[in-house]
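In what follows, a single structure is set out as structure tokens and then discussed.
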Amino acid sequence: MSSDPLLQPYRLKHLTLRNRIIVTSHEPAYPEDGMPKARYRAYTVERAKGGVALTMTAGSAAVSKDSPPVFNNLLAYKD
């Protein structure tokens, strides 16, 4: 195990992360018709393969039809 604290496991309540590398919430503008499909999923999967222990998605999402997205956001009001 590395002596670098960044690469050591971290316990977050009931979840143990393999390291302390995280990707904060942001919107890559990859949704298709407002939904996270293949490209969005591949983007997140590649980050995990690269060693990221925790990733957050959807830095910005439209939560109502009355609030249209300003760019290619997730549409959180859709199923």
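Going by the numbering used here, the sequence shown opens with residue 1335, and the numbers climb by one from there. Quick reminder that beta carbons are idealized off the backbone N, C-alpha and C, glycines included.
- Comparing alpha-carbon positions, the option among ALA1396, PRO1343, MET1369 lying closest to ARG1354 turns out to be PRO1343.
- Beta-bridge partners of ALA1410 (DSSP): none assigned.
- A direct Cα-to-Cα measurement between ALA1387 and PHE1405 gives close to 28 Å.
- Collapsing the DSSP output to three states places GLU1380 in a helix.
- Taking the Cβ atoms as the reference, PRO1403 lies roughly 11 Å from ALA1392, outside the contact range of under 8 Å.
- Exclusion of the five residues before and after ILE1356 leaves VAL1386, ALA1387, LEU1388, THR1389, MET1390 as the residues of its chain whose Cβ lies within less than 8 Å of its Cβ.
- Close CB contacts of THR1350 within its chain, under the 8 Å cut and outside five residues either way in sequence, are with PRO1343, TYR1344 (chain order).
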